[in-house]
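Trainee: Sharing a structure, written as structure tokens. Questions coming.
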Amino acid sequence: MKYGNFLIINSDHSLKAGMFADCKINIQREGKSFFVPFSTVVTTLEKKFVIKVQNNITSWVDVGQGINATDKAEIFGKLNEGDTLVLKGNEELKADTKLVIKIAKY
Numbered sequence: 071m072k073y074g075n076f077l078i079i080n081s082d083h084s085l086k087a088g089m090f091a092d093c094k095i096n097i098q099r100e101g102k103s104f105f106v107p108f109s110t111v112v113t114t115l116e117k118k119f120v121i122k123v124q125n126n127i128t129s130w131v132d133v134g135q136g137i138n139a140t141d142k143a144e145i146f147g148k149l150n151e152g153d154t155l156v157l158k159g160n161e162e163l164k165a166d167t168k169l170v171i172k173i174a175k176y
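Using the working numbering, you'd call the opening residue of the sequence shown number 71 and step up by one each time.
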């Protein structure tokens, strides 16, 4: 649940001091958006990006950040469903870096 302040036109004075309301607001974006763990989004002084891996090569993809959920951030940018992203990104992992991917054993 998120809380916010809204300006309501109350010309008929049906809302009284101390009253509150619960509401649901549907938000639509023009393009696709994705929810990812917070650690996936890298924030620098200049921009926000995620690190995408394709054919074991990294690339930085600029993203905008939308609404934060409890444990995830909404992002939008030049991404597609099924893209592989680095879970714990940082700016030290440069674009065009070749990765050797290993599957973790538990």
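Cβ atoms here follow ideal geometry from the backbone N, Cα and C, with glycine treated the same way. Computed from a prediction, not measured in an experiment: that's the story for all the values here.
Using 8 Å as the cut-off, can you tell me whether the stretch 115-135 makes contact with the stretch 82-94, which would need three or more C-beta pairs spanning the two stretches below that distance?
Mentor: The stretch 115-135 is not in contact with the stretch 82-94.
Trainee: Buried or exposed: which applies to T110, given that a residue is buried once 16 or more other Cβ atoms fall within 10 Å of its Cβ?
Mentor: T110 comes out buried.
Trainee: Look up E144 in the DSSP assignment and give the residues it is bridged to.
Mentor: In the DSSP output, where bridge partners are listed per residue, E144 has F105.
Trainee: Apart from the five residues on each side of it in sequence, which residues of its chain come closer than 6 Å, Cβ to Cβ, to K158?
Mentor: Closer than 6 Å at Cβ, skipping near neighbours: S109.
Trainee: Using a Cβ-based criterion (distance less than 8 Å to any ligand heavy atom), does S129 qualify as near the ligand GDP?
Mentor: The ligand GDP is not part of this structure, which contains no ligands at all.
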